Structures are given as structure tokens and as C-alpha cells.
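In mature numbering (1 follows the signal peptide of the UniProt record, and there is no 0), the protein residues as written are -16 to -1, 1 to 431.
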């Protein structure tokens, strides 16, 4: 294989000899003038295909406005300004690119994105941005650029030079008071970036988030989460494949039930016909086929390894518009704004969450007034049945095989106590599924 690759590389190097000659004669400058036109058209196609990825990437930009002033973003290799649409309103943007011929198309993007303020365009390479002051920007953006620079480490050093250091008073006092704190705290250090070694430790699976604890301001910044290693961590990676295959069988058996459940989702659309739907624990996208034509879907799941199979379902359900995929748990959907969705869907998920009531309160928070929460869940059986007996016997094993699924939950009680203004709930026996998960509840509630 290596020999074939070397031979093919040699052929293409020979074919490139005329291009090397053109560059040596100074004629490559003509292509540099034409290249922005090509990139402008390619950027439109690329942005359409990568819209959800970019939206998720830039979602947290406002968090870096720590000094309370206008957020300043510098983009290295801005090209035609294809990222502008993803920047938060009111931010100031400094554009840099070594090719001055991009300026014409850059202006077009600026006019189409009047939610941001354009500062200036600097003709500079990523390795040498001396025209930009040190510690003068909050965020540096670099997309599809490091593949083209001459020296990546030098570009990254320039990035570090331009970025502002952390500017909170907590950061200041943590560093000032570190020496006495070390002694009073029996060796405790309050200036450690502990999340970095955790991320680099090589765990099979890591769930980590930054929180502000209600404590003394010096130790208020916290990280919480968990890491998994060993065979169970490997199983969490394999579980999406298993779930994807099981989903086909479950959907066939529950087709009529799901169709009945989702038949009136469309009535919660807005007056203009738009419908924004968020699914908690979307898994591999088994419910997509039942959603009404044209609705916009936000997908969430705590297991990032589902995304591959989710994309396959998206390709098979072109009648929907996909907004984004978020790796979050149902208990903590802080990235979703209050009152921003018309419908929330949750099927075979509440059996696996840590706190059902917290999930339901998050559902109420993100739903618009009058919005609906649709659910389909397996639950604990009647206490007098053999199913109830075996559910409790096999619960420990089921928990691990089902990636945290519990088969003895009385989920209907949580939904009844969640405080929805209207509730439509019924108990059913799911047809042709394992007896252990045959008892189900289904319905919807209105905020």
C-alpha cells in the first residue's frame, strides 16, 4: 500500500510541474485574484452542509464577554466572511486574511450581517499579525485555515498573544492569595486548571461541565462530572449501534401507537405555520418519521456516540429541518432558551434519567406558553403481576445492559405532579415487546 501511495504521489508531483513553473514566473498571482470568487461560491455550499455544526461551535461565544463591554472577535483567514452569520448580535469583528482580493466579497457578507459591527480588515498572515495589539481581543476564530498556514505553532503563539487573559476579580484574587491559601488549606491550590488533565487522561467517556458554586468567591468556580473507563465505557460507545438496530424492531411493533401519539402535534404550530420541536434523548432519531412536514427539530442526547446514527436518520427524513444536535442531559438544557420551543418529545428516556422531576421542570422552562410535552415511556407493572416480580429481580442487570435504563419507575406520578395545566395520559400494554417493558404510558401535557 505504501509503495502504491508513493508512486501515485510521484505522478501527481510530475503533473504539478507546470503549476510550479507558473508560480516561479509570477503568474500564480492571477489565480490568487480568481480564488476568492471560487471560495465565495464554495462557502455557500459548505455553510449549508455545516450549518448545524457551526451553530453548535459558536453557540458559547457570548460567554467570553467577561469584561462587560463589546465582545471583540478576530477572525484569522476570514475569507468571504462565511462565519459572520453565526456571531452573536452586537459583537465587534476584526478580519484578517493574507489575500487582499477577498475584501470585495467580505464587504458583501458585512452588508448581509448587520447584527455585528465591522472594525477593520487587515491584510496579514496568521503567523504575523503585528498590526493587532497584544491582549486586545476576547475571541479568535480560525476555520479551515490552519491547513494552509506555513507555521501552525507560530500562528497559535500569535493567537495567544492577542487574546485577553482572564479578567475576573476572582481570577485576580485567586492568584494574589494563593500563597497564604496553600498553608491555611493544607496544600490546597486554587489556581489549577484541573479540567485540562482530566480531558487529557484518556478516559473512555468523560462528562464534565463548569459551574458556579454558592460558596466563597475564591472557590466559586467548580467543575463537576464523571469519567468512565474499562469495559462499561466501551459499552457506552457500542450502545448506540445496539439501540439503532433494536429501534427498527420496536418502531415496527409500535408504529400504530406512535402514529396515534403524534397525530395532533401539528396543532401546536405557530400562526405562521412554523413548529419548533425539541427531542430529549433523541438517540438514533427513531421518531423523525412521525413528525409533521416542515417542522424544525432540535436533537439532544447525553451520549455523543449517537450522532453518527442520528445523521443517517436525518438523511432518510428530508421532510424535516434540523437545527442542531446538543450533547446534554435532560436535567440540564441550559443552552436552550426559556420559552423557545413549541413541542418537547421524550420517548423511552425518563426511565434512564437521574431525576425525572428536574427533567420535567426543564421541559416546562423551555416550552412556550400553550406548548406541549409528548411522552411514551415503559413503566413499572401492576404489583400483583409476575411482570412486576421479574422487573424487580432483573433491574440491576437491566440497568447496565440498557445504559442506565430502569424498569421499575412509576413515571406517571412524576408527570402528574409536574404542574402542567392540562394532562392527557393513558396506560397501555405495548404489543409484541418484551414482557419486562410491556407496561407503557403515553400521552401529552400542555404548559
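Glycine included, C-beta positions come from ideal geometry on N, C-alpha and C. Quick caveat: nothing in here was measured; it's all calculated off a predicted structure.
- Check the Cα spacing between residue 304 and each of 336, 353, 331 and 269: the tightest is with 269.
- Residues of the same chain with a CB within less than 8 Å of the CB of residue 121, apart from the 5 flanking positions on each side, are 56, 57, 58, 78, 146, 147 and 148 in chain order.
- Taking every protein chain shown into account, the CB of residue 98 has fewer than 16 other CB atoms within 10 angstroms, so this residue is exposed.
- Residue 423 places its beta carbon 8 Å or farther from that of residue 379.
- Runs of the beta strand (DSSP E) spanning 3 or more residues and lying entirely within the segment 267 to 340 occur at 280 to 284, 305 to 310 and 325 to 331, in chain order.
- DSSP places residue 431 in the coil class of the three-state scheme, outside both helix and strand.
- Here the alpha carbon of residue 195 sits roughly 56 Å from the alpha carbon of residue -2.
- Relative to residue 385, the option among 357, 36 and 230 whose CA is nearest is 230.
- Residue 61 holds the alpha-carbon nearest to the alpha-carbon of residue 131 among 61, 166 and 159.
- Around the CB of residue 164, fewer than 16 other CB atoms lie within 10 Å, so the residue is classed as exposed.
- Non-local beta-carbon contacts of residue 246 in its own chain, meaning distances under 6 Å to residues more than five positions away in sequence, involve 274 in chain order.
- Contact between the segment 251 to 269 and the segment 328 to 338 is present, with at least three C-beta pairs closer than 8 Å.
- Assignment of residue 378 by DSSP, reduced to helix, strand and coil, places it in the helix class.
- For residue 96, the closest of 123, 67 and 118 by C-alpha to C-alpha distance is 67.
- With 16 or more other CB atoms across the displayed protein chains lying within 10 angstroms of its CB, residue 93 is buried.
- Taking a 10 Å sphere around the C-beta of residue 104, we find fewer than 16 other C-beta atoms and assign the residue as exposed.
- According to the DSSP secondary-structure assignment, residue 356 is paired through a beta bridge with 327 and 430.
- A direct Cα-to-Cα measurement between residue 319 and residue 405 gives close to 25 Å.
- For residue 159, the three-state secondary structure derived from DSSP is helix.
- Per DSSP, the continuous beta strand (DSSP E) segment holding residue 406 begins and ends at 406 to 413.
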